[in-house]
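J.: Have a look at this one before I ask anything.
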Ligand code: BTN
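Here's what the structure looks like:
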């Protein structure tokens, strides 16, 4: 797939910009939007994503499908895997917290926000990723969950462009595999890098309800099964693990 590229010094959110301009993107290309700063960076569940200038990677990848496919929600996990492989290539040991948070030293370093919009008779899949690269500890403290950055975990500053070019080539490769073969080829890597807390306790929020249990397994479709107090197994397709 060819790449259609946009870069900004400052915009509200690369995902929001993508949604508003999706009708301008070439249908047969992968569009990549990056920015130095986001003034209204968005996370999952309507959270803010802290996006100060030139400290971190803020990117949105967009591609088109002619019709919905039942496994499209796995695209966030495919991106998490591409990000994890990217960070491994720089010497880090990332883990993936179900479904698609990237952790280093048990703290969040990257997150993914996937959105879908329709453009004429096509669907535009918008996959946004933020990775904390050179964000100092003082700024990380403003985030209301344990968070880290590459500089804080390693003591070394990184070029955002170096991380981006590796991520871009990894994601282009993995996207093609996903579109052709689905999520199945990604399962071994996902299981090997799956983050589970020491007690294997699992609390899943899906926006309204909370389910509590013990981690059971990652299924072949990327969903998470937990065992509830009454012994039954519950399969969770979406949500957030705590
Ligand atoms: C999350 O873990 O809550 C998801 C965070 C996603 C952040 C990225 S940064 C680039 C893109 N633009 C946004 O506004 N959000 C995503």
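Residue numbers (the working numbering): -13 to 228. Beta carbons: idealized from backbone N, C-alpha and C, even for Gly. Note that the structure is a prediction, hence the values are computed from the model and not measured.
When the Cα of residue 68 is compared with those of 39, 114, 123 and 192, which residue comes out closest?
T.: The option with the nearest alpha carbon to residue 68 is 114.
J.: Between the alpha carbons of residue 123 and residue 53, how many angstroms are there, rounded?
T.: Roughly 44 Å separates the two Cα atoms.
J.: Beta-carbon within less than 6 Å of residue 120's beta-carbon, same chain only, minus the 5 sequence neighbours each way: which residues are those?
T.: So the list reads 41, 137 and 143, once near-sequence residues are dropped.
J.: By the three-class DSSP mapping on this structure, what secondary structure does residue 59 have?
T.: Reduced to three states, the DSSP call for residue 59 is helix.
J.: Among the candidates 10, 15 and 197, whose CA atom is the shortest distance from the CA of residue -12?
T.: Of 10, 15 and 197, the residue nearest in Cα terms is 15.
J.: What is the C-beta distance between residue 156 and residue 71, in whole angstroms, given that I count them as a contact (C-beta under 8 Å)?
T.: Contact flag correct, Cβ pair sits at about 5 Å.
J.: Tell me the DSSP secondary structure of residue 13 in three-state form.
T.: Coil, per DSSP.
J.: Take residue 163 and list the residues in its own chain whose beta-carbon comes closer than 7 Å to its own, dropping the five residues that flank it on each side.
T.: The answer, listed in chain order, is 171.
J.: In whole angstroms, give me the CA-to-CA distance for residue 165 and residue 193.
T.: Spanning the two alpha carbons is a distance of roughly 28 Å.
J.: Pop quiz: residue 47 and residue 89 are said to be a contact at Cβ under 8 Å. What is the actual Cβ separation, rounded to whole angstroms?
T.: Actually they are not in contact, since the Cβ atoms of residue 47 and residue 89 sit about 21 Å apart, beyond 8 Å.
J.: Can you list, in chain order, the residues of its chain with a C-beta nearer than 6 Å to that of residue 103? Leave out the 5 residues immediately preceding and following it.
T.: Closer than 6 Å at the Cβ level, and outside the excluded window around residue 103, lie 5, 8 and 110.
J.: Which residues in the same chain have their Cβ closer than 6 Å to the Cβ of residue 57, if we skip the five residues on either side of it in sequence?
T.: Answer for residue 57: 168 and 169, listed in chain order.
J.: Should residue 227 go down as buried or exposed, given a rule of 16 or more other Cβ atoms within 10 Å for buried?
T.: Residue 227 comes out buried.
J.: Among the candidates 77, 225, 105 and 178, whose CA atom is the shortest distance from the CA of residue 50?
T.: Closest by alpha carbon: 105.
J.: Starting from residue 4, trace the alpha helix (DSSP H) in both directions and tell me its first and last residue.
T.: 0 to 7 is the span of the alpha helix (DSSP H), which, as asked, contains residue 4.
J.: Could you name the residues of the same chain whose beta carbon sits closer than 8 Å to that of residue 60, not counting the 5 residues immediately before and after it, in chain order?
T.: Cβ neighbours of residue 60 beyond the five flanking positions: 164, 168, 169, 172, 207 and 208.
J.: My output table needs one value for residue 139: the three-state DSSP class, helix, strand or coil.
T.: In the structure shown, residue 139 sits in a helix (DSSP, three-state: H, G or I).
J.: Who does residue 191 pair with in a DSSP beta bridge?
T.: Beta-bridge pairing links residue 191 to 196 and 226.
J.: In chain order, what residues of the same chain lie with their CB nearer than 6 Å to the CB of residue -7, ignoring the 5 residues before and after it?
T.: If we look at residue -7 and ignore the five residues flanking it on each side, its Cβ neighbours are 20.
J.: Give the DSSP bridge partners of residue -12, in chain order.
T.: Bridge partners of residue -12: 15.
J.: Using three-state DSSP, classify residue 29 as helix, strand or coil.
T.: In this structure, residue 29 counts as coil in the three-state DSSP scheme.
J.: So which of 127, 2 and 135 has the shortest CA-CA distance to residue 29?
T.: Of 127, 2 and 135, the residue nearest in Cα terms is 2.
J.: Is any non-hydrogen atom of the ligand BTN found closer than 8 Å to the C-beta of residue 45, if you look at the structure I gave you?
T.: For the ligand BTN, at least one heavy atom lies less than 8 Å from the Cβ of residue 45.
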